[in-house]
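**Q** Just dropping this structure here.
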């Protein structure tokens, strides 16, 4: 899809700790990759073509997504969350997502998605997820995500 998305921006620090050994190998858990409170942000805006492609791929023929002033499908909006995980932690697995669709978002309106690390256990991290309407600041989508983290963008393993 040709959606206008900015690169995800990390709002907090994370450090991967190397386990010193003669072979200089690294062994990390999610706590080494992320810390509670770490935040990741991505801006997005969906075009009529993005919605058309999503509707075609999913078979969602609801007319509210096909009007002149079309609503963006909720799941298209929520798709920003796994895109942040995939971009920030290449090779990670997105395991679970709960979603609440709170407000409408229309084609062309700007969004900011934010993930905040809530819990870490082993290589799994739980994130609070929210999408905010850029003009009003209102939360349009919120929920929780769980991912099995492999590494950070900087190649931390």
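In full-length UniProt numbering, the protein residues as written are 1 to 157. Ideal Cβ positions, reconstructed from N, Cα and C, are used throughout, including at glycine. Since the structure is predicted, the reported quantities are computational estimates derived from the model, not experimental observations.
#1: Going by DSSP, what residues sit across from residue 43 in a beta bridge?
#2: Apply the 10 Å Cβ neighbour rule to residue 88 and answer buried if 16 or more other Cβ atoms are within range, or exposed otherwise.
#3: Determine the direct distance from the alpha carbon of residue 32 to that of residue 62, and round the result to whole angstroms.
#4: Excluding the five sequence neighbours on either side, which residues of its own chain have a C-beta within less than 6 Å of the C-beta of residue 74, listed in chain order?
#5: From 133, 149, 59, pick the residue whose C-alpha is nearest to that of residue 43; which is it?
#6: How should residue 84 be labelled, buried or exposed, when 16 other C-beta atoms within 10 angstroms of its C-beta is the threshold for buried?
#7: When we look at the beta-carbon of residue 40 and count the other beta-carbons within 10 Å, is it buried (16 or more) or exposed?
#8: As an exercise, report each continuous alpha helix (DSSP H) stretch of at least 4 residues that is fully enclosed by the UniProt domain "MaoC-like" (42-124), in chain order.
#9: Closer than 8 Å by C-beta to residue 135: which residues in its own chain qualify, once you throw out the five before and the five after it? Chain order, please.
#10: Considering Cα atoms alone, identify which of 113, 96, 122 is closest to residue 130.
**A** Let me lay it out:
#1: 112
#2: buried
#3: 44 Å
#4: 101
#5: 133
#6: buried
#7: buried
#8: 48-58, 74-78, 80-88
#9: 109, 110
#10: 113
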